[in-house]
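Worksheet: the structure to be examined is printed underneath.
2 protein chains.
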Amino acid sequence: MSIKEGLHKKAEIIEAKLNTYLVTHENSYEEKLHESMLYSLLSGGKRIRPILLIEVGELFGAKQEDLIDFACAIEMIHTYSLIHDDLPAMDDDDLRRGKKTNHKVYGEAMAILAGDGLLNFSYELMIETSLKNDSYCYLKAMKEISKAAGHQGMVGGQVADCLSEGKIGTKDTLEYIQLKKTSALLTCALTAGGCIAGVSEMTLNDLRKLGTAVGFAFQIRDDILDIESDESVLGKPIGSDEKNHKLTYPSLFGLEASKAKVRELTDEANRILKSFDGDTSFLESLVNYLCNREY
Amino acid sequence: MSIKEGLHKKAEIIEAKLNTYLVTHENSYEEKLHESMLYSLLSGGKRIRPILLIEVGELFGAKQEDLIDFACAIEMIHTYSLIHDDLPAMDDDDLRRGKKTNHKVYGEAMAILAGDGLLNFSYELMIETSLKNDSYCYLKAMKEISKAAGHQGMVGGQVADCLSEGKIGTKDTLEYIQLKKTSALLTCALTAGGCIAGVSEMTLNDLRKLGTAVGFAFQIRDDILDIESDESVLGKPIGSDEKNHKLTYPSLFGLEASKAKVRELTDEANRILKSFDGDTSFLESLVNYLCNREY
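Just so you know, the sequences run in chain order X and V.
Be aware that the first sequence starts at 183, since it is given in my numbering, and climbs by one per residue.
Be aware that the second sequence starts at 183, since it is given in my numbering, and climbs by one per residue.
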């Protein structure tokens, strides 16, 4: 089976689970809110973060059934951040994954609330799961996720991204934004999976290094695709970074240096993966795929 | 000491604690985000929810130091909801507690992110506290809070409030909105305090009834003040409910019936409080004050 087929099969498992949440409603208001939340949650996406969480958790001995709620919770956090990033006050995007963005379908007020609802629901879900299981491991996993999502993680990265737009950027600012905005949530998928499986602090540190490398490579690849890809392949307009004067690795260092950096980071990620006991072949293929993907 | 003085002293304790969070920053971007988060978090407010959490927790035997982080976390959730509610896409308010609303000072993008940051930080704080203590009691408290804040609580209530604006409202819709938008977060302050103190399910149910009664009375009083008060006393424009065709108890049943309903709910709340062992005199005064306040 190719990595694309393998990923697709694993994404189907995540989507089947995502389809089980928010299906009952007290009244038509709640139904409308759920519709808006699920519109974005179920509109495709590669499900990379939940797949990483499950793969790492299983690598270190946890079972899929013990990992899947947290995997879905991370996907909800990812989705809420996309809904809010797309708002007119932020990136003002009309399309996401080839479909209208949330506020284009449901209006701005509902899009803000659907995002709030998804962020909060991800915690509801993690808290419920923690209460049913070994609280300590799950609380540690929740801590990893909450740090990555918040003011010192993804929210902080988005602030830096907004504030630096249109200004002359530096390598430091760029690396800060990429570390917080992209790497943080990818990394916590790895460490949360590790926490649930009960790995050591040393392994958690390796997982952090792995996440940082993959996150950087993933983001640079994203920025390369924004220059080199095609709207019909990518499902969103290309050239938007240049239009918005976004600070990116290609804008600072050019395309060739960006591609070399992706290769360097991919090698580092593979070195870390190979240092783990157990079968890391799928994770290695996944990392290589992520860093060389076409969409 | 009058109840106003007593409340003021307790609010000072909350504010001293709130002032200890978000004080260090990695760089100027994070500093700006923290500034925006703290602008709203520290701009006055009666600190009702955190005071209720601590009072109920102490009534049932918990110590203030074991309660105060969760008390502050609830205030953060309350504050984030105000920041998002005030946005142009929602209530479009320029003033809150006599000061400019967050987006009027920091712009819409930052206001959305400051709200997201506060919601997420409240969970970071609760998770940290849970990891340091008896996880189970704290996880139960977190569950109460997350249910109250989310799609079946405050977010759901705000959705119903937005969607019902300008439409002919019914008593059912009104009660749903008040239950979710106001009572839910007040109620979880009581039940979270109870959970941390380790109360029984029966007491939790009494606390839920108490919260619902106080929440309804509090909201109806709020709607009465929007008609009868003065902008200089209230710190925000009056008459905005009528202007926005908001569904309120006074708009459905008139001022006199609204005042009678507040009295009925206050009596019920006092009955429940008197049924608890221990000294509930401060909580009784607080409830009476909340339901008869002038601002």
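Glycine included, every Cβ here is placed at the ideal spot set by N, Cα and C.
_Segments assigned alpha helix (DSSP H), at least 4 residues, entirely inside the region 189-243 of chain V_ = 210-223, 230-241
*When the Cα atoms are used, what is the spatial distance from E357/X to L223/X?*
Spanning the alpha carbons of E357/X and L223/X requires a straight line of approximately 28 Å.
*Is F252/V closer than 8 Å to V381/V when the C-beta atoms are compared?*
no
_The alpha helix (DSSP H) enclosing Y288/X, as first and last residue numbers_ = According to the DSSP assignment, Y288/X belongs to the alpha helix (DSSP H) that extends over 284-288.
_My output table needs one value for L313/X: the three-state DSSP class, helix, strand or coil._
In the structure shown, L313/X sits in a helix (DSSP, three-state: H, G or I).
_Less than 8 Å between CB atoms is the rule here; does L264/V satisfy it with respect to chain X?_
For L264/V, the nearest beta carbon of chain X is not closer than 8 Å to its own beta carbon.
*Q360/X, enclosing alpha helix (DSSP H) - first and last residue*: Per DSSP, Q360/X belongs to the alpha helix (DSSP H) from 353-360.
*Could you say which of M272/V, S304/V, V396/V lies nearest to A331/V if we only look at CA atoms?*
S304/V
_the region 257-267 of chain X / the region 286-304 of chain X touching (three or more Cβ pairs under 8 Å)_ = yes
*Based on the DSSP secondary-structure assignment, which residues constitute the bridge partners of R278/X?*
K281/X, per the DSSP bridge assignment.
*Can you tell which of T394/X, K425/X, L429/X, C473/X has the C-alpha that lies nearest to the C-alpha of R445/X?*
C473/X
*Can you name the start and end residues of the alpha helix (DSSP H) that I402/V belongs to?*
From DSSP, the alpha helix (DSSP H) with I402/V extends over 383-410.
*Considering only residues of the same chain and omitting the five flanking positions on each side of H427/X, which have a CB-CB separation below 7 Å?*
E347, G348
*Assuming A395/V contacts A451/V under a Cβ cut-off of 8 Å, what Cβ separation, rounded to an integer in Å, is found between them?*
4 Å
*Under the assumption that S365/V contacts G397/V (Cβ atoms under 8 Å), give the Cβ distance between them as a whole number of angstroms.*
3 Å
*Can L249/X and L368/X be called in contact, C-beta distance under 8 Å?*
no
*asked:* Helix, strand or coil for K349/V? Go by DSSP, reduced to three states.
replied: If DSSP states are grouped into helix, strand and coil, K349/V belongs with coil.
_If contact is defined by three or more beta carbon pairs under 8 Å, each pair taking one atom from either stretch, is the region 260-273 of chain X in contact with the region 184-196 of chain X?_
no
*Taking the CB atoms as reference points, tell me whether C254/V and L307/V lie closer together than 8 Å.*
yes
*Return yes when the Cβ of K245/V is within less than 8 Å of the Cβ of L345/X, no when it is not.*
no
*Note down the Cα distance separating L220/X from Y203/X, rounded to an integer number of angstroms.*
9 Å
*asked:* So if I threshold CB-CB distances at 9 Å, which residues from the region 207-234 of chain V count as touching chain X?
replied: E208, N209, S210, Y211, E212, K214, L215, H216, S218, M219
*Closest to L277/V by CA distance: which of G239/V, G226/V, I236/V is it?*
Of the listed residues, the one whose Cα sits closest to L277/V is G226/V.
_Does G460/V pass the burial test, meaning 16 or more other C-beta atoms within 10 Å, or should it be called exposed?_
exposed
*Can you pull the chain X residues whose beta carbon is under 7 Å from the beta carbon of Y305/V, in chain order?*
Y305, S328
*Would you mind stating whether L321/V and S317/X have Cβ atoms separated by less than 8 Å?*
yes
*Find the residues of chain V that neighbour C344/X, judging by a C-beta separation of less than 8 Å, and give them in chain order.*
Here the neighbours are A291, M292, L295.
*Starting from L455/V and walking both ways along the alpha helix (DSSP H), at which residues does that stretch end?*
437-456
*Taking D273/X as the reference, which of T283/V, M292/V, Y288/V has the closest Cα?*
When only C-alpha atoms are compared, the closest one is M292/V.
*Given that a residue counts as buried once 16 or more other Cβ atoms are within 10 Å of its Cβ, and exposed if not, what is D449/V?*
With fewer than 16 Cβ atoms within 10 Å of its Cβ, D449/V is classed as exposed.
*Using Cβ-Cβ distances below 8 Å, what residues of the region 399-432 of chain V are close to chain X?*
none
*asked:* With distance defined between alpha-carbon atoms, name the residue in L372/V, L429/V, H333/V, L389/V nearest to D354/V.
replied: Out of L372/V, L429/V, H333/V, L389/V, L429/V has the C-alpha closest to the C-alpha of D354/V.
*Neighbouring residues, chain V, relative to Y358/X (Cβ below 7 Å)*: N209
*Where I309/V meets chain X, residues with beta-carbon distance less than 8 Å*: Simply L321, M324, K325, S328.
_If the cut-off is 7 Å on Cβ atoms, which residues from the region 250-284 of chain X count as contacting chain V, listed in chain order?_
H266, L269, A271, M272
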